[in-house]
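Numbering of the sequence shown is given in my numbering, commencing with residue 1 and proceeding in unit increments.
Note that beta-carbon positions come from the ideal geometry of N, C-alpha and C, so glycine has one too.
Notes follow the structure.
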Amino acid sequence: MLRARMLLVMTQKMNQFISMLRRKLTLDVHESCRFTIGNAMTG
Numbered sequence: 001m002l003r004a005r006m007l008l009v010m011t012q013k014m015n016q017f018i019s020m021l022r023r024k025l026t027l028d029v030h031e032s033c034r035f036t037i038g039n040a041m042t043g
């Protein structure tokens with residue numbers, strides 16, 4: 001019983017971590033895309 005509960009908590013933590021990473025990756029990609037497009041437009 002205790003093990004199942006711990007597993008559930010670990011899974012939730014992993015999911016939070018993964019979604020946080022995905023959000024950060026998405027933001028980074030958007031930033032670099034904007035940067036690249038800006039550079040292409042200006043010069």
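Hey, how far is the Cα of residue i from the Cα of residue j?
{"i": "C33", "j": "Q12", "result": "31 Å"}
{"i": "Q29", "j": "M41", "result": "Inspection of the sequence shows that residue 29 is occupied by Val rather than by Gln. The alpha-carbon atoms of V29 and M41 are separated by roughly 18 Å."}
{"i": "M1", "j": "V9", "result": "13 Å"}
{"i": "L7", "j": "R22", "result": "22 Å"}
{"i": "S19", "j": "R5", "result": "21 Å"}
{"i": "E31", "j": "F17", "result": "21 Å"}
By Cβ distance below 8 Å, which residues in the same chain neighbour residue i in space, the five residues on each side in sequence not counted?
{"i": "N15", "result": "none"}
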